[in-house]
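Engineer: Line order of the protein sequences matches chains D and R.
Using this note's numbering, the letters of the first sequence map in sequence onto residues 1 to 589.
Using this note's numbering, the letters of the second sequence map in sequence onto residues 1 to 589.
Idealized CB from N, CA, C, for every residue including glycine.
Could you have a look at this structure, given as structure tokens, before my questions?
Protein chains: 2
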Amino acid sequence: MQTLDYKRSHTCGELRALHASKTVSLSGWVHKRRDLGAIIFIDLRDRYGITQLVFNPDQDVALHKLASTLRSEYVISISGTVIEREVKNSKMETGDIEIQISDLQILSEAKTPPFLINEDEPGIQEALKLKYRFLDLRRHSLQQNFILRHKAMLAARNYMDRQHFLEITTPILGKSTPEGARDYLVPSRIYPGSFYALPQSPQIFKQLLMVGGMDRYFQFATCFRDEDLRSDRQPEFMQIDIEMSFGKREDIMKTAEGVCKTIFSSCKNIELPESFPVMTHLDAMEFYGTDRPDLRFDMRLIRVDSIAERSEFAVFKDQLKQDGCVKAMCVKGGSEFSRKEIDKLTAFVSDFGLRGLGWMKCGPDGLNANIAKFFSPELLSELQAAVDAKDGDLVLFAAAQESIVNQALDHLRRHIAKEQKLIEENALCFTWVVDFPLFAWDKNENRITSEHHPFTTPHPEDLAHLKTDPLKVRSLAYDLVLNGYEIAGGSQRIHDSDLQHQIFDLLQLSQNDIEEKFGFFVDALQYGTPPHLGIAFGFDRIMMIVCETDNIRDVIAFPKTIKASDLMSEAPSKVAPSQLSDLAIKTLE
Amino acid sequence: MQTLDYKRSHTCGELRALHASKTVSLSGWVHKRRDLGAIIFIDLRDRYGITQLVFNPDQDVALHKLASTLRSEYVISISGTVIEREVKNSKMETGDIEIQISDLQILSEAKTPPFLINEDEPGIQEALKLKYRFLDLRRHSLQQNFILRHKAMLAARNYMDRQHFLEITTPILGKSTPEGARDYLVPSRIYPGSFYALPQSPQIFKQLLMVGGMDRYFQFATCFRDEDLRSDRQPEFMQIDIEMSFGKREDIMKTAEGVCKTIFSSCKNIELPESFPVMTHLDAMEFYGTDRPDLRFDMRLIRVDSIAERSEFAVFKDQLKQDGCVKAMCVKGGSEFSRKEIDKLTAFVSDFGLRGLGWMKCGPDGLNANIAKFFSPELLSELQAAVDAKDGDLVLFAAAQESIVNQALDHLRRHIAKEQKLIEENALCFTWVVDFPLFAWDKNENRITSEHHPFTTPHPEDLAHLKTDPLKVRSLAYDLVLNGYEIAGGSQRIHDSDLQHQIFDLLQLSQNDIEEKFGFFVDALQYGTPPHLGIAFGFDRIMMIVCETDNIRDVIAFPKTIKASDLMSEAPSKVAPSQLSDLAIKTLE
Chain D
1 MQTLDYKRSH TCGELRALHA SKTVSLSGWV HKRRDLGAII FIDLRDRYGI
51 TQLVFNPDQD VALHKLASTL RSEYVISISG TVIEREVKNS KMETGDIEIQ
101 ISDLQILSEA KTPPFLINED EPGIQEALKL KYRFLDLRRH SLQQNFILRH
151 KAMLAARNYM DRQHFLEITT PILGKSTPEG ARDYLVPSRI YPGSFYALPQ
201 SPQIFKQLLM VGGMDRYFQF ATCFRDEDLR SDRQPEFMQI DIEMSFGKRE
251 DIMKTAEGVC KTIFSSCKNI ELPESFPVMT HLDAMEFYGT DRPDLRFDMR
301 LIRVDSIAER SEFAVFKDQL KQDGCVKAMC VKGGSEFSRK EIDKLTAFVS
351 DFGLRGLGWM KCGPDGLNAN IAKFFSPELL SELQAAVDAK DGDLVLFAAA
401 QESIVNQALD HLRRHIAKEQ KLIEENALCF TWVVDFPLFA WDKNENRITS
451 EHHPFTTPHP EDLAHLKTDP LKVRSLAYDL VLNGYEIAGG SQRIHDSDLQ
501 HQIFDLLQLS QNDIEEKFGF FVDALQYGTP PHLGIAFGFD RIMMIVCETD
551 NIRDVIAFPK TIKASDLMSE APSKVAPSQL SDLAIKTLE
Chain R
1 MQTLDYKRSH TCGELRALHA SKTVSLSGWV HKRRDLGAII FIDLRDRYGI
51 TQLVFNPDQD VALHKLASTL RSEYVISISG TVIEREVKNS KMETGDIEIQ
101 ISDLQILSEA KTPPFLINED EPGIQEALKL KYRFLDLRRH SLQQNFILRH
151 KAMLAARNYM DRQHFLEITT PILGKSTPEG ARDYLVPSRI YPGSFYALPQ
201 SPQIFKQLLM VGGMDRYFQF ATCFRDEDLR SDRQPEFMQI DIEMSFGKRE
251 DIMKTAEGVC KTIFSSCKNI ELPESFPVMT HLDAMEFYGT DRPDLRFDMR
301 LIRVDSIAER SEFAVFKDQL KQDGCVKAMC VKGGSEFSRK EIDKLTAFVS
351 DFGLRGLGWM KCGPDGLNAN IAKFFSPELL SELQAAVDAK DGDLVLFAAA
401 QESIVNQALD HLRRHIAKEQ KLIEENALCF TWVVDFPLFA WDKNENRITS
451 EHHPFTTPHP EDLAHLKTDP LKVRSLAYDL VLNGYEIAGG SQRIHDSDLQ
501 HQIFDLLQLS QNDIEEKFGF FVDALQYGTP PHLGIAFGFD RIMMIVCETD
551 NIRDVIAFPK TIKASDLMSE APSKVAPSQL SDLAIKTLE
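Laid out in structure tokens, this is it:
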């Protein structure tokens, strides 16, 4: 039996040359054992680092013998003297020293792990690592991610506190609403046949907190969506959820910028700019083909409708006649692309519904090759100026319905940037995208629907169009985009009951529909609702960027697979029949 | 339509005489309107306080007219000049000033609320307040509770960070385990017939984080229990969950004391003592009859078996013969109790299975009355000394099986203290209760069971008794008690695989049982588990004490009723048949 007296005097990441000749005690895991001649070296690992232990049989035969029984991942506790190394290891933070051991206790033995706890271990299947997550968590880089995640949460909380926001916890056992994604349901035992729903977001609760006069709220909120997962989604995810009363868009933007600045400053020592650039939704779509433009590289889309119109190129002119558009993109240095490479790009865009790509190359004498022959020399000059093509560039063209052109060129733009390594590593390009459309057209139902949600305020300048041309009405919704990812989104909410009903009317919602969809909430808004607005950050996504990983499972301690299962605990699982009968439900075959 | 330009220069709690003659703008709710002659006074309220506005028709007729339309809970925005009042109101923080209004905007009207937003409003049914929680949240005292809750969470987080604990989020969608209370279940859509369970605590995950080398973990964790609720319980509740590796009981105690100290210091400006007293479980049961003694008053239980044995009182002697015990309690000044009052106490204890109370009164000449006649003068002197009775005191006696005596006298002790107002207001009496028994005897199953859970370490001094007398074995489990409430509990966990199997054997768990009950977890512990230990605070309970309320709903923003329903959103509720068929479940009639 072990004594419980295994206090550490230091951690395994702490000792330096200045500690030489000190007596210390350390505890941790056997990372590696090397037997060099008679001497045994142990790399001892804990969350804080690795320290080298030395067992010399000339000094203590019994200890040396005990050390020879140590295997990978045993947990041990040692005492010893810090010795400055003759040959220092500059790659290790503790590489200036080693410990001459005077006492060794084996605290806990270990079965042979199914994989080595090593960053460079190649080819381990992710499923195996998830099954043994408790071992994978011992990896240095994963541990660093959770240290960063902790730091980010704490720094953001302290920042929000300084801005007088209160963190208020909202319920997990909520009510199912017919809007939005699919809910996770929880059968009620006390009310057989009734169900709670896990929240997709605390949206209604945070607005009610504003109605309740809490003034400024935030929460690191766990949210749930029972959707078929993409690789970067999890069934439960974390939002930094924020709402404030009596503020303007600028106020919430400043708050959100502060959250970003404090996270990057505390986690990465990076000072972000005082404020982030703002782009309208219209411009984002026009110049990048997407509402989440990646601004780490340029390569904008340029509309060349008026030039194409005057060309002889039937493909372009036909599209323009059918209300389509023609956009071009100038790939710097792209004139070296072979015909085969360009064919690959054409194949790439076909996945996004674009039938083909036109192209021209820019030589010392201007644009030529491929579709250049359909353009007069004057038009070619005009085109070259419009797309700012220089000798050695490649100009690509897409002609189709605008939504297809945008989608295809957005993907193509990012694809080429990645392939051509145009993306500056470590760049952090934030941008606000504002003035989203208030409504979208639902082709299936042949009516307008809310782009965001029906409580989003119309842009004050567009109120006059509400009745005449609702699809032209912009909203006071905004997204924050970082490196091409939407990391936050929000809006000014409607606090005026007349305006709210005007919107409901436009959405063709009857009083019954409203009650069914939004229940008490619409009534609650009539008891004195302050102007209020908010935003919600996808915190896991931010942490992926902070931790420089593409795998969301690297920033969640116990993640689920793309099939929403936990391979370690084997959740979900069968339960006892009595559990189901308590809940008055049964499963279908 | 309102303009969105309603920035506030100040809050409603901020202005003082020093701001006199400044132009300011405020926004908030109309708390009260008083028409005094021609002048209209408005109390404007926000989260930060109340400021008095003055509308004088002599200054602006139109504004005055608009002000006359204001009703309770309208949301308005004003501009005006700060005026030092001639007659100051010392009861209001802003009572030195008022605002002479130059501009008024009605931002949002309000239906007549179902109750006034007023602390002193009597007799409003709790159900009505819960239905209109968004209005009740406007009450000053509720808002203060959430400000305190926010402060407590932030202060505790910063404290834990300084101690190098990482906050790590564990899953909400977990696995149902057959141990413990009833789980809330979540049907899986992807795996029909399988279920997730909401966590009753993150116990297994936090131990796995230790196995994973995270060293020090904490989390403000939402936990769930589908139990029939008591008035101070909620189906979802918050724990401050803590676990550390390579520590001793003293380390976790110090950490927990630090959490308490930081919460009371940040919320209440109260400096708690450097460390809290420690009492063994044996002493707690002996002297207070409970493992959560309320130490705000004395009145200990005193065992008088040996004196009772020598008396002529058959009732006592019979109980002693049947392995019962006799305990006494001295009520200071209690000799004034009438026979009727003592009869009421006897009725009170009968609820706890105690058939009667013996009593003696202490006069200037010592103990007398009631059962004194059964005791010789020498025994009476011995008894008086044992219970430290003085002239004017009442001594109460209970004789029965020890568990009944303890339960009855524990309740009686607290009952009398409350009735006699022996409890010092604002007293905060913390105590650790340590060395809980490792096992309990399960009469139904005729075998020993774990008192805490089977991963709790036995007390090292008692290891020898494990096989011979397991019920005598103490554990390294500990509770933190405040004013008679258990506010935290935890234990040193077993990290030694041999010892773990010894415990499983004692609990008569077969390999199959172990796998079924604990699954992968027992296997996980075999891959190099550090010694580790932890504690979990009932955070809602702590906040009840901080906020000085007996109602748990006062410290939870959107609480549920004792029947686990949300009266505001009407959760749980019926859901669409398609939602159930997606999940491959059906409800039973």
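What does the Cβ neighbour count give for I242 (chain D), buried or exposed, with the cut at 16 atoms within 10 Å?
Structural biologist: Stepping through the first sequence from its first residue, residue 242 (chain D) is reached at position 242. Classification of I242 (chain D): buried, given that the 10 Å Cβ count is 16 or more.
Engineer: Should A110 (chain D) go down as buried or exposed, given a rule of 16 or more other Cβ atoms within 10 Å for buried?
Structural biologist: Taking the first residue of the first sequence as 1, we reach residue 110 (chain D) at position 110. Buried, since its Cβ has 16 or more Cβ neighbours within 10 Å.
Engineer: What in chain R is Cβ-close to K7 (chain D), meaning under 9 Å?
Structural biologist: Sequence index remark: in the first sequence, residue 7 (chain D) carries index 7 (1-based). Those within 9 Å of K7 (chain D) in chain R are F246, G247, K248 and D251.
Engineer: Mind listing, in chain order, the continuous alpha helix (DSSP H) runs of no fewer than 4 residues lying wholly within the stretch 325–391 of chain R?
Structural biologist: Counting only runs of 4 or more, we get 339–350 and 377–387.
Engineer: Unbroken beta strand (DSSP E) runs of length 3 or more, entirely within the stretch 419–443 of chain R: which are they?
Structural biologist: For the stretch 419–443 of chain R, whole beta strand (DSSP E) runs of length 3 or above, ordered along the chain, are 430–434 and 439–442.
Engineer: Under 9 Å Cβ-Cβ, which residues of chain D neighbour E271 (chain R)?
Structural biologist: Translated into positions along the second sequence, residue 271 (chain R) becomes position 271. Ordered by position in chain D, no residue passes the 9 Å Cβ test against E271 (chain R), which lies about 22 Å from the chain.
Engineer: Let me know the secondary structure DSSP gives E451 (chain D) once reduced to three states.
Structural biologist: Counting from one through the first sequence, the residue named residue 451 (chain D) turns up at place 451. Reduced to three states, the DSSP call for E451 (chain D) is coil.
Engineer: Buried or exposed for G591 (chain D), going by 16 or more other Cβ atoms inside 10 Å?
Structural biologist: Examination of residue 591 (chain D) is not possible in this model, given that chain D is present from 1 through 589 alone.
Engineer: Going by C-alpha distance, which of R:L282, R:L128 and R:D103 is nearest P113 (chain R)?
Structural biologist: Counted from its first residue, the second sequence places residue 113 (chain R) at position 113. Here the closest residue by C-alpha is R:L128.
Engineer: Would you call the CB atoms of K560 (chain D) and D566 (chain D) closer than 7 Å?
Structural biologist: Within the first sequence, the letter at position 560 stands for residue 560 (chain D). Within the first sequence, the letter at position 566 stands for residue 566 (chain D). Yes. Within cutoff.
Engineer: Hey, does L4 (chain D) have any beta-carbon neighbour from chain R nearer than 7 Å?
Structural biologist: For the purposes of this step, residue 4 (chain D) is taken as the residue at position 4 of the first sequence. With a pLDDT of 45 at L4 (chain D), under the threshold of 50, the predicted position of this residue should be treated as unreliable, though the coordinate-derived value follows. By this cut-off, L4 (chain D) is an interface position.
Engineer: Can the beta-carbon of L532 (chain R) be found less than 7 Å from the beta-carbon of S201 (chain R)?
Structural biologist: Locating residue 532 (chain R) in the second sequence gives position 532, where the first residue counts as 1. Locating residue 201 (chain R) in the second sequence gives position 201, where the first residue counts as 1. One point to set straight first is that residue 532 (chain R) is His, not Leu, in the sequence displayed. No. Outside cutoff.
Engineer: Nearest CA to the CA of A308 (chain D): which residue from D:G289, D:A328 and D:F297?
Structural biologist: Walking along the first sequence from the start, residue 308 (chain D) turns up at place 308. If we check each option's Cα against that of A308 (chain D), D:A328 comes out closest.
Engineer: Put M210 (chain R) into one of helix, strand or coil per three-state DSSP.
Structural biologist: Working through the second sequence from its first residue, we reach residue 210 (chain R) at position 210. In this structure, M210 (chain R) counts as helix in the three-state DSSP scheme.
Engineer: Roughly how many angstroms separate the alpha carbons of D136 (chain D) and R47 (chain D), rounded to a whole number?
Structural biologist: To locate residue 136 (chain D), count along the first sequence from 1; it is residue 136. To locate residue 47 (chain D), count along the first sequence from 1; it is residue 47. About 13 Å.
Engineer: Check whether the Cβ of A152 (chain R) lies closer than 7 Å to any Cβ atom in chain D.
Structural biologist: Within the second sequence, numbered from 1, the residue matching residue 152 (chain R) stands at position 152. Closer than 7 Å: no.
Engineer: Return the residues of the stretch 568–585 of chain R that lie within a Cβ-Cβ distance of less than 9 Å from chain D, sorted by chain order.
Structural biologist: If the cut-off is 9 Å between Cβ atoms, the stretch 568–585 of chain R has M568, S569, E570, A571, P572, S573, K574, V575, A576, Q579, L580, S581, D582, L583, A584 and I585 near chain D.
Engineer: Nearest chain D C-beta to I78 (chain R) closer than 7 Å, yes or no?
Structural biologist: Locating residue 78 (chain R) in the second sequence gives position 78, counting from the first residue. Chain D contact via Cβ: absent.
Engineer: Report yes or no: is there a C-beta of chain R within less than 7 Å of the C-beta of T592 (chain D)?
Structural biologist: As displayed, chain D neither begins before 1 nor continues past 589, which places residue 592 (chain D) out of reach and without an answer.
Engineer: For V331 (chain R) and chain D, any beta-carbon pair shorter than 7 Å?
Structural biologist: Numbered from its first residue, the second sequence carries residue 331 (chain R) at position 331. By this cut-off, V331 (chain R) is not an interface position.
Engineer: Given that a residue counts as buried once 16 or more other Cβ atoms are within 10 Å of its Cβ, and exposed if not, what is E394 (chain D)?
Structural biologist: Within the first sequence, numbered from 1, the residue matching residue 394 (chain D) stands at position 394. According to the sequence shown, residue 394 (chain D) is Leu rather than Glu. Buried, since its Cβ has 16 or more Cβ neighbours within 10 Å.
Engineer: Measure the C-alpha to C-alpha separation of P199 (chain D) and A417 (chain R) and round it to an integer number of angstroms.
Structural biologist: In the first sequence, the residue the question calls residue 199 (chain D) occupies position 199. In the second sequence, the residue the question calls residue 417 (chain R) occupies position 417. Roughly 45 Å separates the two Cα atoms.
Engineer: Give the straight-line distance between the Cα atoms of S573 (chain R) and A576 (chain D), rounded to the nearest whole angstrom.
Structural biologist: Looking up residue 573 (chain R) in the second sequence gives position 573. Looking up residue 576 (chain D) in the first sequence gives position 576. So the alpha carbons of these two residues sit roughly 24 Å apart.
Engineer: Check for me: the alpha helix (DSSP H) holding E286 (chain D) runs from which residue to which?
Structural biologist: Within the first sequence, numbered from 1, the residue matching residue 286 (chain D) stands at position 286. Per DSSP, E286 (chain D) belongs to the alpha helix (DSSP H) from H281 to Y288.
Engineer: Using only CA atoms, which one of D:N483, D:E570 and D:D469 lies nearest to E516 (chain R)?
Structural biologist: Taking the second sequence and counting its residues from 1, one reaches residue 516 (chain R) at position 516. Taking only the C-alpha atoms, the option nearest E516 (chain R) is D:E570.
Engineer: Please state whether DSSP places E570 (chain R) in a helix, a strand or coil.
Structural biologist: Indexing the second sequence from 1 puts residue 570 (chain R) at position 570. Reduced to three states, the DSSP call for E570 (chain R) is coil.
Engineer: Does the distance from the C-beta atom of L367 (chain D) to that of L380 (chain D) stay below 7 Å?
Structural biologist: The sequence position of residue 367 (chain D) within the first sequence is 367, counting from 1. The sequence position of residue 380 (chain D) within the first sequence is 380, counting from 1. Cβ atoms of L367 (chain D) and L380 (chain D): closer than 7 Å.
Engineer: Helix, strand or coil for T587 (chain R) per DSSP?
Structural biologist: Numbered from 1 along the second sequence, position 587 holds the residue referred to as residue 587 (chain R). T587 (chain R) falls in the strand class under three-state DSSP.
Engineer: Only counting the same chain, and skipping five residues up and downstream in sequence, which positions put a Cβ closer than 7 Å to that of E179 (chain R)?
Structural biologist: Numbered from 1 along the second sequence, position 179 holds the residue referred to as residue 179 (chain R). The residues are K517.
Engineer: Closer than 8 Å is the cut-off here; do at least three beta carbon pairs connect the stretch 519–533 of chain D with the stretch 497–505 of chain D?
Structural biologist: As far as the Cβ criterion goes, the stretch 519–533 of chain D touches the stretch 497–505 of chain D, which means the pair count is three or higher.
Engineer: Taking the alpha-carbon positions, what's the F504 (chain R) to F352 (chain D) distance?
Structural biologist: Stepping through the second sequence from its first residue, residue 504 (chain R) is reached at position 504. Stepping through the first sequence from its first residue, residue 352 (chain D) is reached at position 352. Roughly 60 Å between the two C-alpha positions.
Engineer: Checking the sheet assignment: what are the DSSP bridge partners for Y485 (chain D)?
Structural biologist: For the purposes of this step, residue 485 (chain D) is identified with residue 485 of the first sequence, where counting begins at 1. Y485 (chain D) is bridged to D:L482.
Engineer: From D:S102, D:R138, D:Y132 and D:L107, pick the residue whose C-alpha is nearest to that of E119 (chain D); which is it?
Structural biologist: Stepping through the first sequence from its first residue, residue 119 (chain D) is reached at position 119. Residue D:R138 is the option with its Cα nearest to E119 (chain D).
Engineer: Do the stretch 480–496 of chain D and the stretch 249–265 of chain D touch if we need at least three Cβ pairs shorter than 8 Å?
Structural biologist: Touching, yes.
Engineer: Distance check for F297 (chain R) and I240 (chain R), CA to CA, integer angstroms please.
Structural biologist: Locating residue 240 (chain R) in the second sequence gives position 240, where the first residue counts as 1. Locating residue 297 (chain R) in the second sequence gives position 297, where the first residue counts as 1. Cα to Cα, the separation comes out at about 28 Å.
Engineer: Less than 8 Å between the CB atoms is what I'm expecting for I562 (chain R) and L229 (chain R), so what's the real figure, rounded?
Structural biologist: Stepping through the second sequence from its first residue, residue 562 (chain R) is reached at position 562. Stepping through the second sequence from its first residue, residue 229 (chain R) is reached at position 229. About 5 Å; that satisfies the 8 Å criterion.
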